[in-house]
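Note sheet for the following structure.
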Amino acid sequence: MHKKNDYHPMTDAELEGLLAEIGQVPQRNPDNAARAKARYLIAAGRCLQAITTEQTTKTRRKKEFKEMQPFLKRFSLAFTLAAVLLVFLLGGVGVTAAAASSALPGDPLYGVKTGWERTRLQLTRQDFKKVELNLAYAQNRLDEIEALITAERLDDLEAPVQAYETCILEALAGLEGIRSNSLAADSQLGRAIRASLGKYTADLETLSNRVQTQRRERLEEATLFSKSAGAYHGKIEFVGTVNAIDPNLWIVSGLEVIITASTEVEMGIDVGQQVEVKGWVDALGSIYARKIEHETDGRAFSLNGKGEFLGIVNEIQTDYWIVNGIRFEVSATARIEPGIGVGDFVEVEFVRNNKDEYILREAEFALDDNEYYGTVDEIHTEYWVIDGLRFELLPKSKIEKGIKVGDFVEVEFVRNASGENYLLEVEFADSEIYGVVDEIHTDYWIVNGIRFELLPNSKIENGIKVGDFVEVEFVRNQAGEYILLDVEHEDAYNSSDAGYGYNRHGGDDDEMVGFVDEIHSDYWVINGIRFNLLPKSEIERGLKVGDFVEVEFFKNCAGEYFLLEVEHEDD
Amino acid sequence: MDVQNQAPHIFDEETLIALYDDHSDSIYRYAFRSLGEANLAEDCVADVFIRFLERVATGKALTGNIRAYLYRVAHNWVVDHYRREKPEADLEAQPLPAHNANPENRLFEKENQARLRQALLALPEDQRLVIELRVMEKWPYEAVADVLGKSVEASRALQYRALKKLRQSFSPQWM
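From first to last, the protein sequence lines stand for chains A and B. First residue of the first sequence: 64, per the numbering used here; consecutive thereafter. First residue of the second sequence: 27, per the numbering used here; consecutive thereafter.
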């Protein structure tokens, strides 16, 4: 039948009915609303302070100022008190107003300007948006650098240059976080970061050409930093012995480690000591340090004897590979994972022979394994397509029996430098998760942010309410909806393998002792670590900041800590 | 409290609080209807009011109706969100209220709702606002006209045109 024959014009009543349907909004979560308002009040207070400051600057010599001062002071004080109280209650939301977008480092309003930027970052919960904000703020710093050069205020350059690099590092860290959750967003953001850094590099080169003093060197460093960050290929962590220390370059176990202005170096490190290096590697295999600190666990890296090595593939020849500038001879027995190409981040297992040559025994992708959930779209002998993404098969790919098109699966994979995904393992996705009930409706529940549709035969344990920790059994239908089969209370706090988050895998229960740094309504900070509170977190009475406590906690898949129990540690 | 057409220099504590109290819930509802997700809607509300404060703090004059301004910022936020995300993924992911347990009917309902959301986003700003305020929020025409800065008759005409466009989005040429 022709489609047009099926068409019946929509009446006003039908349309208004449909509008009414989509107009239905569940009641706003009162906690979220209160929190949002508190943040707004803090920001509003700072906003008024900013206006006050600006007006103070502009009208310092005006007679009216004296008349306005008590008025402004009153509101400023009221808001400051509100801010202090709410910061305490809501977790240290430091919010500052942006009053002077053109302020430069050293100007009175500069702190207000950067404070606003921090506010935006703190109020933004979406990771991709934080990355975008950090890129925007990096551009702000570049604008400031340009303005300072124009104003010949070269002594003030260091702060914005350093802040610029911090913004880039934050953006890259944000990208790492997003990688495990959303491939599409990752590649989109990756492109955005690379494009931005390409522009920043060009800008910095132009700016450094305008500076003829020794300050130029600092701008050139920042240029190099931008180039390397733009070629970001993956993070690297290794332990090694410090062979040499130069302000801009360290040699650690024979590897050159570039130090940027943003590198955090623990005090007191000397040549000959064991250190742990954390940083990233660019496409040429250069290592850029983000952090260098003493290593005391004895996990020494050594290129003597045999060992393992993480690095970027610089060159691939039939009889040798070069990884991070080190040549590895390739024998006929070497086990090399298919798909590895120049630019890939790999783990190399090797031995060193009596001719001081490194013999490659095994090379495999060293990128963090990614996990991905999706519905199988296509199955081919050489590749699968899952939720629109193509995954190449490897000889070692593990495929659970019985998976067919339309099944909802969990995929483990790595991605090479060209952006190709290699499937390591695919299996039916877990049909149960553990999490906190966010919302309860007559026809659906939201647990851990996931919406589960209810069916007439869905089993629901009595007494479950919002905030409870539950186990959910579900299936996923062809439309991609989660259908709730069974939900019941889960006493996960005593379960050694329970994670608080997406599923039971990846959680770690643990204990530690330490000093209470901060106490908030929704989280505590102990020994500098933030522990989120749960509805059932057990907290001994009378604990206060500065107390020495024992904490029982676990860490979820996203790396967040959740407090199970905290009590005085008498020992 | 009427906080319309105030210049930045007379925003004070009381005004800023009243403004938030008056509008944050309705902006939230608007964001939720457009986005279909509570957390996203909260993000939208936070951003809308932060942008408003930024505007106040930088001293740029806020002309026209503040309520309309807030809706406009929220609308831009939503459009920006959909531009950034894959529209089809977002629309499918929205937790739409479903009253009918029959899967086929529910699917049909969801399709219609998704289509209507898209059509709403595509409406000119004043037409979208009249649907939001008059049809969904059930405001009287006088209040809607006040926000739009138009006469009651002009607002009625806008609603008529908006509903016509929405109906057109369900006609065969669009399906």
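Think of the CB as a built atom: it goes at the ideal place given N, C-alpha and C, for glycine as much as any other residue. Model, not experiment: these values are computed from the prediction.
- Contacts with chain B at 9 angstroms (Cβ-Cβ) include L82/A.
- Residues of chain B whose Cβ lies closer than 9 angstroms to the Cβ of N92/A are, in chain order, A64 and E68.
- Around the beta carbon of D73/B, 16 or more other beta carbons sit within 10 angstroms, so the residue counts as buried.
- Under the three-state reduction of DSSP output, G498/A falls in the strand class.
- Here the alpha carbon of A100/B sits roughly 14 angstroms from the alpha carbon of G62/B.
- Taking a Cβ-Cβ cut-off of 9 angstroms, the neighbours of L192/B in chain A comprise M73, L78, L81 and L82, given in sequence order.
- Taking the Cα positions, F532/A is about 50 angstroms away from E284/A.
- Just so you know, the alpha carbons of R453/A and Y446/A end up roughly 7 angstroms apart.
- Within 8 angstroms of the CB of R143/B, the CB atoms of chain A belong to I85, in sequence order along the chain.
- Annotated three-state conformation of E39/B is helix, per DSSP.
- Not flagged as an interface residue toward chain B: L167/A, since no C-beta distance is shorter than 9 angstroms.
- Shown here for T276/A: same chain residues with a beta carbon closer than 8 angstroms to its own, the five before and five after excluded, namely L217 in chain order.
- Apart from sequence neighbours up to five positions away, no residue of its chain approaches D170/A with a beta-carbon distance below 6 angstroms.
- Listed along chain A is no residue with a C-beta nearer than 7 angstroms to that of N102/B; the closest approach is about 14 angstroms.
- Here the alpha carbon of K461/A sits roughly 25 angstroms from the alpha carbon of V405/A.
- At a beta-carbon threshold of 8 angstroms, the residues of chain A lying near R59/B are I85, G86 and V88, ordered along the chain.
- Under DSSP, D549/A forms a beta bridge with K522/A and E536/A.
- Among the bridge pairs identified by DSSP, M575/A is matched with V614/A.
- The beta-carbon distance between E441/A and V468/A, rounded to whole angstroms, is 7 angstroms. This is short enough to meet the 8 angstroms contact definition.
- Between G86/A and R59/B a beta carbon distance of about 6 angstroms is seen, short of the 8 angstroms cut, so the two are scored as contacting.
- When Cβ-Cβ separations below 9 angstroms define contact, C110/A makes contact with chain B.
- Secondary structure at N595/A: strand, using DSSP grouped into helix, strand and coil.
- Secondary structure at L318/A: strand, using DSSP grouped into helix, strand and coil.
- It is roughly 17 angstroms from the alpha-carbon of G303/A to the alpha-carbon of M330/A.
- L423/A carries a strand assignment under DSSP once its states are collapsed to helix, strand and coil.
- In the three-state scheme derived from DSSP, where H, G and I count as helix and E and B as strand, W165/B is classed as coil.
- Here DSSP, grouped into helix, strand and coil, assigns P168/A to coil.
- Looking at L235/A, K290/A, R278/A and L270/A, the one whose alpha-carbon comes closest to that of G261/A is K290/A.
- Cα atoms of I589/A and K136/B: separation of roughly 47 angstroms, rounded to the nearest angstrom.
- Scanning its chain for C-beta atoms nearer than 7 angstroms, with the 5 sequence neighbours on each side dropped, one finds around G237/A the residues D190, K193, V194 and N197, in chain order.
- Taking the beta carbon of N95/A as reference, the chain B residues within 7 angstroms of it are E68, listed in sequence order.
- When secondary structure is reduced to three states using DSSP, P93/A falls in the helix class.
- In the structure shown, the three-state DSSP call for G331/A is coil.
- No Cβ of chain A is located within less than 9 angstroms of the beta carbon of S177/B.
- Looking only at L104/A, W508/A, Y507/A and V472/A, the smallest Cα-Cα distance to Y46/B is reached by L104/A.
- According to the DSSP assignment, E410/A belongs to the beta strand (DSSP E) that extends over F408 to R415.
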